[in-house]
Each structure stands twice: as structure tokens, then as C-alpha cells.
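Single-structure report; data block below.
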Amino acid sequence: MSEVKNVGQAINRIDGIVKVTGTATYATDYILKNTAHAVIFKSTIAAGKITKMDTTDAEKSAGVLAVITHKNAPKLNAKGGIRGGALLQSPDIEFYGQHIGVVVAETFEQARYAAKLVKVTYEKGEAKVDFAKHAKEAVLPKEEEKADAIRGDVESAFNNAEFKMEAVYETPIEHHNPMEPHSTIAFWEGEKVTLYNGSQIVNGAQTAAAATLNIKPENVRIVTPHIGGGFGSKGGQWANLVLTAVAAKTVNRPVKLALTRQQMFNSVGLRQKNQQKIRLAATKDGKLTALAHETTTHSAINNEFVEPCGDCSKVMYETPNSLISYRVVPMNIILPTYTRGPGKSTGSFALESAMDELAYQLKIDPIEFRIKNEPAKDPSNGKPWSSRTTVQCLQEGAKAFGWEKRKMEPRQQEQGEYLIGYGVACGSYPARQRDTSAIVKLSRKGSDVKATIELAASDLGTGTHTIIAQTASDALGIPIKNITVHIGDSSLPPAAGSVGSVGAASFANAVNDACNKITDELLAKSGKQFFARPTAASLMVSENIAEFQTRMDAKPPADADQYSAHSFNANFAEVWVNKYTGMVRVPRFLAVTGAGKILNPKTARSQIIGGCVWGIGMALTEESILDPRWGNFVTRSLAEYHVPSNLDIGKIETIFINEIDTKPNTLGVKGIGEVGIVGVAGAVANAIFNATGKRVRELPITPDKLL
Amino acid sequence: MRPFIYTPTSTVSAATQKLKANPHAKYLAGGTNLLDLMKEDVEKPTELVDITRLVLTEVKAITTGVNKGGITIGALGKNTDTANHPLIRQNFPLLTQSILAGASAQIRNMASNGGNLNQRTRCPYFYETSMPCNKREPGSGCGALEGINRMHAIFGWSQACVAVHPSDMCVALAALDAVVKVQGADGKERSIPFTDYHRLPGDTPQKDNTLNPGELITSIEIPINNFANTSYYLKVRDRASYAFALISVAAGVELEGTRIKQAKIALGGVAHKPWRALEAEKFLIGKEATEANFKQAAELEMKSAKPLEHNEFKIELGKRAITRALMQAMTGGKA
Chain A
1 MSEVKNVGQA
11 INRIDGIVKV
21 TGTATYATDY
31 ILKNTAHAVI
41 FKSTIAAGKI
51 TKMDTTDAEK
61 SAGVLAVITH
71 KNAPKLNAKG
81 GIRGGALLQS
91 PDIEFYGQHI
101 GVVVAETFEQ
111 ARYAAKLVKV
121 TYEKGEAKVD
131 FAKHAKEAVL
141 PKEEEKADAI
151 RGDVESAFNN
161 AEFKMEAVYE
171 TPIEHHNPME
181 PHSTIAFWEG
191 EKVTLYNGSQ
201 IVNGAQTAAA
211 ATLNIKPENV
221 RIVTPHIGGG
231 FGSKGGQWAN
241 LVLTAVAAKT
251 VNRPVKLALT
261 RQQMFNSVGL
271 RQKNQQKIRL
281 AATKDGKLTA
291 LAHETTTHSA
301 INNEFVEPCG
311 DCSKVMYETP
321 NSLISYRVVP
331 MNIILPTYTR
341 GPGKSTGSFA
351 LESAMDELAY
361 QLKIDPIEFR
371 IKNEPAKDPS
381 NGKPWSSRTT
391 VQCLQEGAKA
401 FGWEKRKMEP
411 RQQEQGEYLI
421 GYGVACGSYP
431 ARQRDTSAIV
441 KLSRKGSDVK
451 ATIELAASDL
461 GTGTHTIIAQ
471 TASDALGIPI
481 KNITVHIGDS
491 SLPPAAGSVG
501 SVGAASFANA
511 VNDACNKITD
521 ELLAKSGKQF
531 FARPTAASLM
541 VSENIAEFQT
551 RMDAKPPADA
561 DQYSAHSFNA
571 NFAEVWVNKY
581 TGMVRVPRFL
591 AVTGAGKILN
601 PKTARSQIIG
611 GCVWGIGMAL
621 TEESILDPRW
631 GNFVTRSLAE
641 YHVPSNLDIG
651 KIETIFINEI
661 DTKPNTLGVK
671 GIGEVGIVGV
681 AGAVANAIFN
691 ATGKRVRELP
701 ITPDKLL
Chain B
1 MRPFIYTPTS
11 TVSAATQKLK
21 ANPHAKYLAG
31 GTNLLDLMKE
41 DVEKPTELVD
51 ITRLVLTEVK
61 AITTGVNKGG
71 ITIGALGKNT
81 DTANHPLIRQ
91 NFPLLTQSIL
101 AGASAQIRNM
111 ASNGGNLNQR
121 TRCPYFYETS
131 MPCNKREPGS
141 GCGALEGINR
151 MHAIFGWSQA
161 CVAVHPSDMC
171 VALAALDAVV
181 KVQGADGKER
191 SIPFTDYHRL
201 PGDTPQKDNT
211 LNPGELITSI
221 EIPINNFANT
231 SYYLKVRDRA
241 SYAFALISVA
251 AGVELEGTRI
261 KQAKIALGGV
271 AHKPWRALEA
281 EKFLIGKEAT
291 EANFKQAAEL
301 EMKSAKPLEH
311 NEFKIELGKR
321 AITRALMQAM
331 TGGKA
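From first to last, the protein sequence lines stand for chains A and B.
Using the UniProt record's numbering, count along the first sequence one by one with no gaps and you end on 707.
Using the UniProt record's numbering, count along the second sequence one by one with no gaps and you end on 335.
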């Protein structure tokens with residue numbers, strides 16, 4: 001084995017240089033000869049149908065090559081796996097800003113201008129866009145996982161409890177807004193189409209595009225070595241991907257299509273608005289006796305997606321009586337989708353706020369209250385934990401944060417014009433490994449052995465390239481500089497996606513297994529017995545082999561399902577609330593995370609910081625507001641949709657719990673992408689209560705809510 | 001973007017002549033607002049007259065005449081340079097603070113002083129061309145009046161328009177009694193008191209200001225004042241940077257002993273123009289500079305506010321912001 005271990009070291013990302021020098025190729029960075037430019041145009045009503053579409057002026061406009069609408073678009077398979085419809089298959093309008101056509105022109109400016117020349121006449125239908133008005137029409141979701149989950153008798157436990165709380169928490173629609181808007185270059189070679197397109201799930205993008213375009217998967221190639229963020233919005237693929245392919249086919253040239261920032265708000269999904277009713281009951285000494293978490297939300301008119309807000313409530317605390325339920329109302333709003341920490345980030349805001357409220361009522365420290373209700377096994381299914389670090393996260397965090405300075409009563413700390421408060425909130429996210437294949441190729445010149453690792457993994461900017469190189473380096477005995485990582489291409493062996501915190505566990509274990517396999521094969525090939533297991537690199541040299549390769553189809557451990565495996569965290573926030581203006585600052589935030597083996601503490605830290613920033617944004621600034629009359633978003637750019645600015649973010653510290661948990665997978669990697677945002681908003685909201693005595697249950701907590 | 005003619009110019013008279021010749025032409029300076037609006041198809045000029053080569057960038061002290069001791073700021077000076085000019089930092093810190101509270105560093109580096117005055121509202125209904133907006137398309141209605149109007153006006157709005165002027169710099173200029181110098185195609189110069197420069201919407205919200213067609217801002221004059229060290233710009237917003245004001249207050253307090261000789265107060269984020277808080281100013285004359293008096297002044301000023309469905313909070317916030325800004329002004333924000 002190699003002497004210097006790379007896994008677990010905070011090494012710089014291996015793709016850092018190409019990124020900071022601007023040579024990393026994102027989807028639209030590929031320069032293809034003769035590329036035409038496409039611009040999407042959109043509906044200006046939320047429900048109804050197009051009765052007339054006059055494209056004459058647009059078609060005659062300078063540089064225009066084609067105008068594609070429902071009248072001339074090829075027949076596509078709407079059930080092929082592209083999310084959110086809008087495939088130009090009918091005149092029906094289901095939400096404001098639905099794609100209704102594509103203009104292809106020689107230049108982007110020509111296409112954008114011509115798109116404005118299309119005249120559309122609508123027959124307006126009745127649009128359901130006001131959630132407040134339609135929430136009462138919500139019904140049980142069709143999805144099996146969203147059926148009512150009932151243990152014991154919540155109602156009687158709640159009614160008979162001495163200490164209880166009931167409250168409704170509201171979270172608004174949010175948008176992912178990755179730095180790189182969704183964009184695609186498509187070009188056809190005969191029956192085959194290549195799509196440069198940011199894709200969190202490379203093979204998923206390939207199969208969805210193929211099925212929708214009614215062609216074979218092997219005729220679609222997705223290329224996505226670098227992705228400028230996605231946060232779930234590039235997990236499933238949306239109509240813009242296949243419409244680029246359609247446009248390229250129509251004009252028989254490469255076509256580039258990039259959504260504008262404004263178009264991003266009704267093109268690629270969103271985090272739905274949730275109304276979460278929480279009821280908690282406890283004994284006088286702080287043992288929970290009931291936990292009910294009832295979520296009401298909305299989905300698209302013809303498609304259901306419900307983020308699992310009750311998930312954290314299923315696993316975080318011991319209680320004999322529990323109810324988790326969902327109700328959903330179809331509305332004329334684009335299909336919601338996975339958004340960082342789906343369900344858990346929003347659900348934990350509700351649950352962890354409620355825990356804070358009841359702890360305050362009981363006059364028990366909120367950390368102690370949580371520890372009192374620590375479950376010995378997964379309350380939702382009775383499975384043993386593979387490991388559980390909640391208590392450790394809370395205790396180590398409390399020490400590092402200086403929690404002992406917090407006062408139980410609010411409004412006890414003041415400095416100048418600020419009220420100061422501390423808050424804590426916990427989170428969790430399931431740890432899973434998914435099937436992933438990988439090819440390892442070794443080549444040798446003299447004693448210099450190089451490796452190429454190939455798999456259709458993706459790198460959202462989180463460090464996939466780097467952790468694969470680290471893993472392979474250790475497993476093969478080859479220095480990182482001699483390892484080439486080739487990912488983000490559907491022609492490579494199929495891999496899991498960078499979604500649901502499965503990426504690192506799936507990629508690293510598959511690569512590790514592949515490297516072990518190639519070492520086994522080299523050993524067998526040598527026919528020799530070794531006292532200590534040699535590395536693949538040393539075998540290449542000792543056996544004088546020039547080139548060698550193998551493929552591994554890795555699977556999670558057979559017994560992984562016997563355990564309940566999660567990453568856990570505890571979040572600590574210090575907030576300063578301006579007494580006069582209600583403006584909130586977060587000068588200090590600490591996230592303590594138990595996520596098994598941390599492959600690279602540097603990229604992991606960055607990812608947790610990103611989660612904290614978004615969580616702080618969720619708590620304080622982010623909200624997409626619909627006009628309830630027309631269904632358009634009035635927050636339609638990053639000037640109105642407020643993500644935190646640099647000045648909003650203070651010092652963020654991260655601590656990783658040192659733990660070894662190899663039950664979920666061989667390397668003990670549990671994933672950090674999702675859990676990084678879970679619990680963050682709750683910690684901020686709880687700190688605001690501690691600072692001001694005001695309990696704000698409706699996010700974001702903007703200054704007007706604190707007057 | 002619609003096709004347009006690009007016309008570079010090098011003198012004020014050439015520029016104004018170009019606009020006289022083409023009523024659909026617009027001046028192009030920093031372009032930080034105009035180009036965005038053109039991309040969104042809100043502004044549709046057929047010609048852009050580039051004035052960036054005009055020599056109108058100087059900041060200089062006024063050494064003669066009634067405004068001696070004041071300062072004149074070139075219309076094409078960049079916001080960043082203006083904010084950081086030593087004379088302005090020293091004598092008009094209120095202006096510095098207000099400019100630096102606006103936009104982002106990148107935008108301030110591009111944006112011109114004249115353009116800051118002429119920037120258009122950020123009302124989302126103005127930007128979204130499928131929505132009604134009397135400012136963009138007179139007669140189409142006001143989308144915000146009964147729509148999402150949390151960011152909108154509480155003073156001086158009309159049934160035709162409830163938009164607010166987005167500038168921070170202009171709020172300070174209103175409090176500083178600045179004067180806008182303009183020149184028309186006929187070569188004639190005109191001085192417009194700052195508080196008369198922007199207008200209330202009335203029935204013609206398409207007109208943001210009182211410039212005549214083709215007139216060009218050449219400079220902004222600010223008279224000397226006695227509150228350089230007792231002034232403060234307070235901006236309340238949804239995030240710490242790069243957000244438009246929920247409410248902003250530019251406050252200058254001239255003292256005579258412990259009493260207030262005069263106070264200059266202007267509010268941003270509340271009206272179609274920077275809103276001079278004349279009621280509050282009047283009340284404060286001769287009063288002791290105490291928090292109680294500031295609070296009473298603020299109460300008086302907010303009495304005439306008329307909130308819309310989503311912005312009632314601006315009344316309480318306005319009271320607090322005025323009081324707080326005046327308190328901060330007493331120490332020049334160094335409290």
C-alpha cells in the first residue's frame with residue numbers, strides 16, 4: 001500500500017486550476033463550428049389554451065432559422081422522464097411561463113428579438129395560483145411513501161398532556177438559482193445526438209432525453225464534466241434539454257440554448273410552499289409523548305411531487321405516539337422538485353422550532369431536551385442505527401460554540417442597538433450507496449504507472465473529481481498527479497447521480513472496489529504469493545505489464561438495509577437583531593456534522609459552508625412571491641430573489657465528528673451535501689426568539705416581521 | 001434586444017442635437033439600468049447617443065457666488081468616484097454613505113451620477129412586459145396597486161402608479177438641497193431644485209422627472225451646510241447589501257447649542273420621488289435634540305402615509321427609521 005494516505009486529507013481540488021483559470025468547460029463553453037442560437041419564449045397566462053399563434057413576423061426577422069411551437073414540433077413522449085412538461089405538444093397552458101416556443105437564429109440577439117415578435121392569443125382558463133385560497137382543497141398524495149404514518153394514538157396523548165404546543169410553520173416557494181443557468185448545446189450526427197448539458201444524474205439525463213425524443217438511449221450522449229451548481233434543479237431534466245435537441249435537428253446544425261435568469265423561475269422546478277402543522281406533547285420532565293407533523297403543499301396540475309417534510313420527524317426523537325401526514329393540492333404552478341435537503345431542510349425548520357418552543361415552555365435547555373428524547377433505534381422502522389451522532393454533535397458543538405453563555409429567557413443579551421441570541425437545531429439525512437460501475441485503466445512507462453478512472457459520475461462543483469482521485473490513489477498506490485479522472489459523460493460506465501447525498505459514497509466505493517479488483521486481477525495474473533499485499537502500481541512494475549484495465553459493477557453491502565443509516569448534525573447560530581430596524585445579522589454560525597468518513601475535509605467544509613449559507617438565506621431572505629391573480633413570480637431576478645450577500649454572512653465554522661461507520665458502505669462514507677442545509681434555518685429562527693422573544697413561524701424572517 | 005443605432009458624441013451640444021433630431025433616442029452613460037431594460041424589452045430606444053466621452057466628470061468646490069463652499073459634481077462622474085472624493089467624504093459624508101448603500105460595487109463602478117437620478121423604478125410590474133403598467137404602457141393599468149406591493153409607495157401615490165424611486169443617492173441629494181443643472185438642444189441651461197426634479201405619478205406616471213425632452217443633466221450642485229458631522233444615512237433592507245430600501249432616511253441636523261436650528265430629512269423607498277419629510281423638519285426647528293423629539297417628529301411625518309395591502313409595516317418602520325437616523329446623525333453615525 002502507498003505510504004501517504006490521501007483519503008481524509010484536505011487536499012486542494014484537482015480541477016481547481018482549470019476552474020480559476022476559466023478553462024473548465026461548462027455546458028455552453030464548447031465551441032462548435034456553425035452553432036445556431038435558440039431562445040425559448042413563454043406563456044403569459046397560467047391556465048387555458050393558445051387559440052392563435054402568429055409567427056410570421058418572427059420567421060421573417062433577420063437571422064431567424066426556425067420558429068418551433070406546438071403547431072410544428074415533432075411528437076415527443078411526454079412520459080419519457082423529462083420533468084415539468086412544457087414540451088410544445090399541445091396548446092394547453094398549465095402554468096405561467098410555460099414554454100410555448102423556441103426561436104432559432106444565427107445569433108442570440110436575433111433569436112431573442114424575434115421571440116418578442118411572436119403574437120399569441122389565449123383563451124384563459126381558471127388559474128389556481130393562490131395557495132392560501134386552495135390549501136383547503138388539498139388531498140392525500142398518490143405516492144405510497146406519503147401515506148399517513150401513524151404510531152400509537154397521537155390525539156389522546158396530545159389531549160391528555162400537561163405540556164404541549166401546537167403551531168403552523170410556513171415556508172415559501174424557493175428557487176435553486178445555481179450560478180450556471182440551465183443551458184445546453186445539442187448536435188446531431190445521423191441518428192445520434194450529443195448534448196452538452198449540466199446533469200447531476202448523467203445516465204438519468206440520457207435515458208430521459210432518449211425516451212422523450214423517442215430514440216434509443218445509446219443514441220444519446222450526455223457530456224457534463226463540470227456543473228455550475230444545481231441543488232436538485234439539474235437532477236431531473238427539464239424541457240429545455242430536449243427542446244435544444246429538437247432545435248438542432250430542425251435546423252440541422254449545432255444549437256445552443258441557455259435559459260435567462262428570469263426564465264429560470266418558471267423552467268426548472270422549485271421548492272414548493274409548505275404549511276406544516278406541528279403538535280408536540282411532553283411530560284413535565286421533558287419526555288415526548290406525542291409528535292404530529294402534518295404538511296399541506298401544492299404540486300403541478302398534472303403531476304405530483306411532494307417534498308418529504310416529515311422525514312426528520314420520523315427519525316429524530318423518541319415518542320410513543322406519532323403522526324406524519326401530507327396533503328397536496330394541484331395548482332397552476334410549475335412542478336416542484338428536489339431542492340437541497342428536500343423536505344428535511346423545510347421540515348426540520350418546523351420540527352426544530354417546535355422543539356425549541358416546547359423546551360422553553362418546559363424551561364429545559366433545548367440541547368438537554370433533545371438529548372432526553374434521543375431514540376435508541378430508528379423510531380420509524382425499529383431498525384438499529386448504523387451509528388448515530390446527534391448527541392455528540394450537540395455536545396461538541398455546545399462546547400465549541402460557548403452555549404453555556406446562552407440565557408433561557410429571551411432578550412437577556414444586548415449590545416448597542418442589537419439584541420443578541422443563540423439558537424440550536426438538529427438535522428439528519430439518510431446515508432445510502434447506489435449501484436455504480438467504474439473502469440480503471442493502468443499504463444506504465446518504466447517505473448512510472450498512471451491510472452485513468454472512468455465512470456459517468458458528475459461534479460456539481462462539490463469535489464467529485466478530487467475524491468475519486470484521492471480514493472484511487474490510495475487504493476492503487478499511485479500518486480494523485482498520475483491519476484486522470486474522467487467523469488460526466490454517459491458513454492462511460494453508468495453511475496449514481498450527485499443527488500440525495502449518494503454521490504460521494506457511491507463513487508468512492510465503486511472506485512475503491514474497482515481498484516481492489518484490478519489489484520486482485522494483477523495478483524492472479526502474476527501467479528505469485530506475496531507476504532504483504534502489493535499495490536497495483538508495484539505489480540504493474542514487478543510483472544512488467546504495460547497496460548491493464550478492469551471494470552467493476554459495484555453494489556452497496558448486502559446487509560446495508562438492516563440498518564438505519566443517516567448523517568446527523570447540530571447547528572448553532574448567534575444572531576444580532578437590530579432593535580430599531582428589525583434587520584438580522586448572523587455573525588457566527590457553527591455546523592457540527594457526523595457523516596462518517598470525510599474523504600476530503602477541505603471540499604467537505606466548503607460544502608457544509610454552502611449549506612449553512614443557503615440555510616441562512618432560507619431563514620432570513622429567500623422567497624419567491626407569486627401574484628395570486630395571474631400566477632407570475634414578481635421576484636423574477638436575483639435583485640428581488642434575495643440570496644444572502646457576502647455582508648450577510650459572518651464567520652461559519654464546521655466540525656466533523658470523527659467516526660467510523662462501515663455498515664452503510666465499505667468506506668464508511670455517509671454524505672454531506674444534503675445534511676449541510678438541514679437544521680440551519682431552525683437554528684437561526686430559534687436564535688431570533690432567544691434574542692427578541694418573538695417567535696416567527698413564517699420564513700423568511702424579514703425586518704418587517706420583527707418590528 | 002431590438003436593433004438600434006449607436007451614435008457616439010463628444011460635446012453636450014452635439015448630444016442634445018441628436019436627441020432633438022430623434023425623439024426615440026436615449027442617452028447612454030453607465031448603462032447599468034438602461035441596457036437591462038432594453039434586454040427586457042421595457043425600454044425600446046431606436047438610437048443610443050453615447051455621452052460617455054463628454055467631459056462632465058469633475059467634482060469641484062464652488063469658490064464664488066451664493067453657493068460658495070458648496071460643490072459641483074459632474075453628471076458623468078462614476079458613483080464610486082463621487083462617493084470616495086475627498087471633498088465629498090469631508091463635507092458631504094451623507095452623500096458618500098447614501099451612494100455606498102446602493103447597488104453593488106460593480107454597478108457603482110459603472111453607474112454615472114446623472115444616470116443615478118434617471119434610473120427607473122424596480123417595480124416588477126414595470127419590468128414584466130406581460131403585466132399591466134401605466135409607467136411602461138400608459139393606460140394599461142397598475143399591476144401593483146392591487147398586486148404584490150410590499151416594496152411600494154406609502155406617500156404620494158396615485159391610482160395610476162404606486163411605484164417608488166429606487167435610488168439611495170437621490171435621497172441624500174434631496175436632503176442636501178441639491179440643484180440639478182441641465183442643458184437643452186437650444187443651448188439654454190436650467191437649474192432645477194432637487195426636490196422638483198423627480199415628480200409624483202399623478203395621471204402621468206410614465207414621466208419620472210421634470211426634464212424636458214432632450215435635456216441633458218450636466219452637473220449637480222450641492223450647497224454648503226452645517227451638518228457634515230451631524231448627518232446620517234440609514235437604509236433598512238431585506239439583506240445587508242445589494243437590496244433596495246424598504247425605507248431609507250437621509251438626515252442632517254444643524255445644531256445651535258443643544259437646540260436644533262434646522263433639520264433636513266428625506267426618505268427613500270416610500271414614494272415616486274425622494275420624499276422630503278417637511279412635517280418632521282418643521283416640528284424640529286428650535287427643539288432640543290432628544291430622542292423623544294425625534295420620535296414625535298417621525299410620528300408627525302408618518303401621519304399622512306397611506307399604506308397599500310402589503311406595506312403597512314412601512315409606517316411603523318418609517319417612524320423607527322426616522323428616529324434612529326436622527327439619533328445616529330447626532331454622532332455622525334459613530335455611536
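Glycine is no exception: its CB is placed at the ideal position from the N, C-alpha and C atoms.
The structure displayed is predicted, hence computed values, not measured ones.
- Residues of chain B with a Cβ closer than 8 Å to the Cβ of Lys116(A) are, in chain order, Arg2, Asp41.
- At a C-beta separation below 9 Å, Ile324(A) has no neighbours in chain B, since its nearest C-beta there lies roughly 33 Å away.
- Collapsing the DSSP output to three states places Glu170(A) in a strand.
- For the segment 180 to 194 of chain A, the set of residues with a beta-carbon nearer than 9 Å to any beta-carbon of chain B is empty.
- When C-beta distances to chain A are compared with 7 Å, the residues of the segment 222 to 251 of chain B below that value are Val236, Asp238, Arg239, Ala240, Ser241, Tyr242, Ala243, Leu246, in chain order.
- Following the DSSP letters along the chain, one finds Gln415(A) inside the beta strand (DSSP E) bounded by residues 413 to 415.
- By the Cβ-count criterion, Phe530(A) is exposed, with fewer than 16 other Cβ atoms from all chains shown falling within 10 Å of its own Cβ.
- Secondary structure at Pro217(A): helix, using DSSP grouped into helix, strand and coil.
- Look at the beta carbons and you see the segment 316 to 323 of chain B touching the segment 257 to 274 of chain B: at least three pairs across the two are nearer than 8 Å.
- Judged by DSSP secondary structure, Ile217(B) falls within the beta strand (DSSP E) whose first and last residues are 216 to 222.
- Here the alpha carbons of Thr244(A) and Ala210(A) stand approximately 13 Å from one another.
- Counting other Cβ atoms within 10 Å of its Cβ, His85(B) reaches 16 or more and is therefore classed as buried.
- Comparing alpha-carbon positions, the option among Ile220(B), Met169(B), Leu211(B), Asp203(B) lying closest to Val179(B) turns out to be Ile220(B).
- Closest by C-alpha distance to Asn116(B), out of Leu145(B), Glu146(B), Ile73(B), Lys135(B), is Ile73(B).
- Looking only at Thr339(A), Ser645(A), Pro91(A), Ser348(A), the smallest Cα-Cα distance to Ala105(B) is reached by Ser645(A).
- DSSP links Leu255(B) through a beta bridge to Ile260(B).
- Counting C-beta atoms within 10 angstroms of its own C-beta, His24(B) has fewer than 16 neighbours from the protein chains shown and is therefore classed as exposed.
- No Cβ of chain A is located within less than 9 Å of the beta carbon of Arg136(B).
- With respect to chain B, the C-beta atom of Thr635(A) has a partner C-beta closer than 9 Å.
- For Glu299(B), no CB of chain A lies under 9 Å from its own CB, so it is not counted at the interface with that chain.
- Contact annotation: Ala290(A) and Pro320(A) have beta-carbon atoms nearer than 9 Å.
- Neighbours of Arg697(A) in chain B, taken as residues whose beta carbon is under 8 Å from its own, are absent, since the nearest beta carbon is some 17 Å off.
- The Cβ of Thr323(B) sits closer than 9 Å to at least one Cβ of chain A.
- Taking Tyr197(B) as reference, the option from Gln90(B), Ala251(B), Trp275(B), Glu291(B) with the minimal CA-CA separation is Trp275(B).
- In this structure, Ala300(A) places its C-beta atom within 9 Å of the C-beta atom of Phe95(A).
- Taken in chain order, the members of the segment 143 to 165 of chain B whose beta-carbon sits within less than 7 Å of a beta-carbon on chain A are Gly147, Ile148.
- Close CB contacts of Asp704(A) within its chain, under the 7 Å cut and outside five residues either way in sequence, are with Gly582 (chain order).
- Around the Cβ of Ser183(A), a 10 Å sphere holds 16 or more other Cβ atoms; the residue is buried.
- In terms of beta-carbon proximity, Glu47(B) stays away from the interface with chain A, with every pair separated by 9 Å or more.
- A distance below 9 Å separates the beta carbons of Asp356(A) and Gly682(A).
- Taking the Cβ atoms as the reference, Val102(A) lies roughly 36 Å from Lys344(A), outside the contact range of under 8 Å.
- Contact between Asn690(A) and Arg370(A) is ruled out by a C-beta separation of about 15 Å, above the 8 Å threshold.
- The closest CA to that of Gly84(A), considering only Pro384(A), Leu288(A), Ala504(A), Thr337(A), is found on Thr337(A).
- Leaving aside the five residues that flank Asp15(A) on each side, the residues in its chain whose CB is nearer than 8 Å to its CB run, in chain order, Ala24, His226, Asp459, His465, Thr466.
- As DSSP reads the structure, Glu58(B) sits in no beta bridge.
- A straight line joining the alpha-carbon of Ala292(B) with that of Ala591(A) spans about 43 Å.
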